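Some notes on the structure that comes next.
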Amino acid sequence: MSAREEIKQLWSRGRIDDALASALRALEDDPDNHEIRVSVVRCLVDGAASGMAGQRDLLLSLVRDPAIEPTNVSPAGWRFLRENSDLFDTPNDSEAMAGRIESDALAIALLEEDAVGDIASERALTALRRWLLVSGRRTDFPKLTAALITQALRNGGAWPFDDEERALLAANPDFAAAYLPPRETIGTAQYSDPVTRSVAQQYEGWPYPQWRRLTSNSPEPIASRIRRYDPEGRAAIPERGATILVAGCGTGRQVVALRQRHPDDVIVAIDISEASLRYAGKRCAETGVHDVEFHKLDLHDVAKLGRSFDVITTTGVLHHLPDPEAGWAALLGVLKPRGVLHVMVYSKIARMRIAALRRMFAGERALPMSDDLLRDIRRKVLALENFPEMRSRDFFTLAGVHDLLMHRHEEPFDTGRIGRALDRFGLALLNFEIPRPKIRAEYRAAHPDDPHQRDLKAIARLELGHPTLYGTMYEFWCARHA
Ligand SMILES: C[S@@+](CC[C@H](N)C(=O)[O-])C[C@H]1O[C@@H](n2cnc3c(N)ncnc32)[C@H](O)[C@@H]1O
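Once you know that position 13 of the sequence shown is 12 in numbering that gives the first Met the number 0, the rest is easy, because the numbers rise by one and skip nothing.
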């Protein structure tokens, strides 16, 4: 068996630590093998708990790798530094800590490449930033100082600070950007529907998701990917030149991922937020993606495009609409008869704690939003020890905090509501994702007759046993009944 097959098998059985060990062994013989490097990253994202102790050089090369998304490496990188270095050993001696970080290539790379994705490290670094501001010792630590300024750009100014620090910023203009990074001015959204208007307004100010580069995947036509979920052949997707609509494309992360994965298919993307579309355009240019059509368009008006699509994907959008099923229906209006719809929506069960927080911050949510208000909310959440959503990548950028905790409008789903919508629209499930490999393997063993996880009642029972399973979102593919 090849190394890649072994890793894949271990991973699909949910044996993530073993898959990581196998990938690390394979890398010893073939350190530049991109697929194996990606397997390592995937294991880190899927929660490999151990195994990176001796891997400082590998972590450094992964976080600087232009073909790997740094967000996928950042939490593991910081955890490595906390557990395997003396970087944070002297919390009361900031000068010593600054000296160690100044000469630590991995710490500097992690600060520069992505928002720090680890609460304990962020706390130590926030205190260090304060010391650099108050002591004025920045010229002694030029790499750390520059990296903290870059870090603020990456996190959008998410780290909390106090009034004393704010007062000192005016007198220390060289370091102000480590606190308050330059930002685009907030645009104005004009939509007649009040929900659409306030949602668009949010994204005019805080385009989401914030991202820089992606982990590259092996290319394949979207038709082959869909065939894996559709052995019955309900869908008919052309092998080349399939038309894909991205409804609510945000800042283009999904668009670029689709373009890299499906280079021969046609991609059209729409969104209501001008600022998000601008961000998407910039990232496309930087990543060499030039052949995507972007439109500023409310998805309820998608028929105005005057065309229909083989595949429509809408991720993280329907639950922000004034009437999600009405938006769903509008999208089906431009789906070809044998096309496929890919949906990701919030789960009510997984968002229960977020719903409680939203109630706690209802007063703040009624206020005009600002970076200061978001930072303050984040500071209050940081004070709630062990709030699990603090591990979400969204928690580490200001735009992510707005999206995760303070969204202007959200209406999460449950599996019952998804089932009712599928029935109403005459759709059949092709596949309902189970995100954690170990749980997916257990489900498949318990339901050998449901290899594509289409039994929504069984999925509902599974979720009750694992209430955070759909912490990211429900994800499913569906097509019209034959
Ligand atoms: C959470 S973001 C998701 C972005 C992207 N799909 C992704 O997964 O990275 C939601 C996006 O949906 C867009 N959106 C919300 N309501 C919309 C509508 N009625 N029509 C089109 N886009 C909409 C927002 O502007 C925002 O960019």
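Even glycine gets a Cβ: it sits at the ideal position worked out from N, Cα and C. Here the structure is a predicted model, which is why all the values come from computation and not from measurement.
Practice task
Could you tell me how far apart the beta carbons of Asp-113 and Pro-69 are, in whole angstroms, since I believe they sit closer than 8 Å?
Solution key: Confirmed, Cβ separation roughly 4 Å.
Exercise for the section: Could you tell me the distance, in whole angstroms, from the CA atom of Asp-92 to the CA atom of His-408? Expected result: Answer to the nearest angstrom: the Cα atoms are 45 Å apart.
Problem - Beta-carbon proximity check, Arg-277 vs Arg-224, cutoff 9 Å - result: No. Outside cutoff.
Handout entry: Nonlocal neighbours in the same chain, by C-beta distance under 7 Å from Leu-132, ignoring five residues either side
Key = Glu-164, Leu-167, Asn-171 and Phe-174, listed in sequence order.
Handout entry: Gln-452: CB within 8 Å of a non-hydrogen atom of ligand 1
Key = No, the beta carbon of Gln-452 sits no closer than 8 Å to any heavy atom of ligand 1.
Handout entry: Environment of Ala-38 [buried if 16+ CB atoms lie within 10 Å]
Key = Contrary to the premise, residue 38 reads as Ser rather than Ala in this sequence. Residue environment: Ser-38 is assigned as buried (16 or more neighbouring CB atoms within 10 Å of its CB, all protein chains considered).
Handout entry: Cutoff 7 Å; reference Ile-185; Cβ partners in own chain excluding five residues on either side
Key = Excluding residues within five positions, the ones whose Cβ falls inside 7 Å are Glu-203 and Gly-204.
Problem - As assigned by DSSP and simplified to three states, the class of Ser-346 - result: Of the three classes helix, strand and coil, the one that applies to Ser-346 here is strand, per DSSP.
Handout entry: Nonlocal neighbours in the same chain, by C-beta distance under 6 Å from Leu-373, ignoring five residues either side
Key = By the criterion of a C-beta distance shorter than 6 Å, Leu-373 is surrounded in its chain by Leu-397, Val-400 and His-401, once the five residues flanking it on both sides are discounted.
Practice task
Kindly indicate which three-state DSSP category Tyr-473 falls into: helix, strand or coil?
Solution key: Three-state DSSP puts Tyr-473 in a strand.
Problem - As assigned by DSSP and simplified to three states, the class of Phe-424 - result: Note: Phe-424 maps to coil in three-state DSSP.
Practice task
Measure the C-alpha to C-alpha separation of Asn-385 and Tyr-228 and round it to an integer number of angstroms.
Solution key: Distance between the alpha carbons of Asn-385 and Tyr-228 is about 38 Å.
Practice task
Reducing DSSP to helix, strand and coil, say where Asn-430 ends up.
Solution key: In the structure shown, Asn-430 sits in a strand (DSSP, three-state: E or B).
Exercise for the section: Could you pull out every residue in the same chain whose Cβ sits closer than 7 Å to the Cβ of Gly-50, ignoring the five residues on either side in sequence? Expected result: Taking C-beta separations shorter than 7 Å and ignoring five residues to either side along the sequence, the partners of Gly-50 in its chain run Asp-16, Leu-19, Ala-20 and Leu-23, following chain order.
Practice task
Could you say which of Leu-468, Leu-404 and Glu-441 lies nearest to Phe-360 if we only look at CA atoms?
Solution key: Closest by alpha carbon: Leu-404.
Practice task
Less than 8 Å between the CB atoms is what I'm expecting for Leu-468 and Ala-328, so what's the real figure, rounded?
Solution key: Contact doesn't hold; Cβ gap of about 28 Å is too wide.
Problem - Within the region 241-297, ranges of the alpha helix (DSSP H) (whole runs, at least 4 residues) - result: Runs of the alpha helix (DSSP H) spanning 4 or more residues and lying entirely within the region 241-297 occur at 252-260 and 273-285, in chain order.
Problem - Beta-carbon proximity check, Arg-182 vs Ala-188, cutoff 9 Å - result: Here Arg-182 is not near Ala-188, since their CB atoms are 9 Å or more apart.
Handout entry: Test item: CB-CB of Pro-206 and Leu-381 under 9 Å
Key = Contact annotation: Pro-206 and Leu-381 have beta-carbon atoms that are not nearer than 9 Å.
Exercise for the section: Evaluate Pro-436 with the Cβ neighbour count: other Cβ atoms within 10 Å of its Cβ, from every protein chain shown; 16 or more gives buried, anything less gives exposed. Expected result: Under the 10 Å beta carbon count, Pro-436 is surrounded by 16 or more other beta carbons and is classified as buried.
Problem - Unbroken alpha helix (DSSP H) run spanning Phe-486, endpoints - result: The structure shown does not extend to residue 486, since the chain is modelled only from 0 through 481, so no value can be given for it.
Problem - Cα-Cα separation, Ile-376 to Met-389 - result: Those two C-alpha atoms are separated by around 12 Å.
Problem - Residue interval of the beta strand (DSSP E) (run including Ile-311) - result: Where Ile-311 is concerned, the enclosing beta strand (DSSP E) stretches over 308-314.
Problem - DSSP three-state assignment for Val-339, whether helix, strand or coil - result: In this structure, Val-339 counts as strand in the three-state DSSP scheme.
Problem - The alpha helix (DSSP H) enclosing Arg-352, as first and last residue numbers - result: In the DSSP annotation of this structure, the continuous segment of the alpha helix (DSSP H) that includes Arg-352 starts and ends at 351-359.
Practice task
Please confirm whether any heavy atom of ligand 1 lies closer than 8 Å to the CB of Gly-322.
Solution key: Reading the sequence as shown, one finds Asp at residue 322 and not Gly. Not under cutoff, so the answer is no.
Exercise for the section: Kindly indicate the opening and closing residues of the alpha helix (DSSP H) around Gly-464. Expected result: Looking at the DSSP string, the run of the alpha helix (DSSP H) that includes Gly-464 is 455-464.
Exercise for the section: Buried or exposed for Met-351, please, with buried defined as at least 16 other CB atoms from any protein chain shown within 10 angstroms of its CB. Expected result: Exposed, since its Cβ has fewer than 16 Cβ neighbours within 10 Å.
Practice task
Over the uninterrupted alpha helix (DSSP H) stretch that includes Ile-15, give me the two end residues.
Solution key: Ile-15 -> alpha helix (DSSP H) spans 15-28.
Practice task
Given a cut-off of 9 Å, decide if Gly-76 and Ala-104 are closer than it, judged by their beta-carbon atoms.
Solution key: Inclusion of Ala-104 and Gly-76 in the CB contact set at 9 Å is not warranted, their separation being larger than that value.
Handout entry: Cβ pair Glu-94, Ser-134 closer than 9 Å
Key = Contact: yes.
Handout entry: Inter-residue Cα distance where the pair is Gly-46 and Ala-169
Key = If you draw a straight line from the Cα of Gly-46 to the Cα of Ala-169, it comes to about 42 Å.
Handout entry: Extent of the continuous alpha helix (DSSP H) to which Asn-154 belongs
Key = Unbroken alpha helix (DSSP H) run through Asn-154: 141-154.
Problem - alpha helix (DSSP H) runs contained entirely in the region 189-233, provided each spans 4 or more residues - result: Whole alpha helix (DSSP H) segments, 4+ residues: 193-204 and 221-226.
Handout entry: Buried or exposed by the 16-neighbour rule on C-beta atoms within 10 Å, applied to Ala-241
Key = Around the C-beta of Ala-241, 16 or more other C-beta atoms lie within 10 Å, and the residue is accordingly described as buried.
Handout entry: Contact test: Met-405 Cβ vs ligand 1 heavy atom, cutoff 8 Å
Key = No, Cβ of Met-405 sits at least 8 Å from all heavy atoms of ligand 1.
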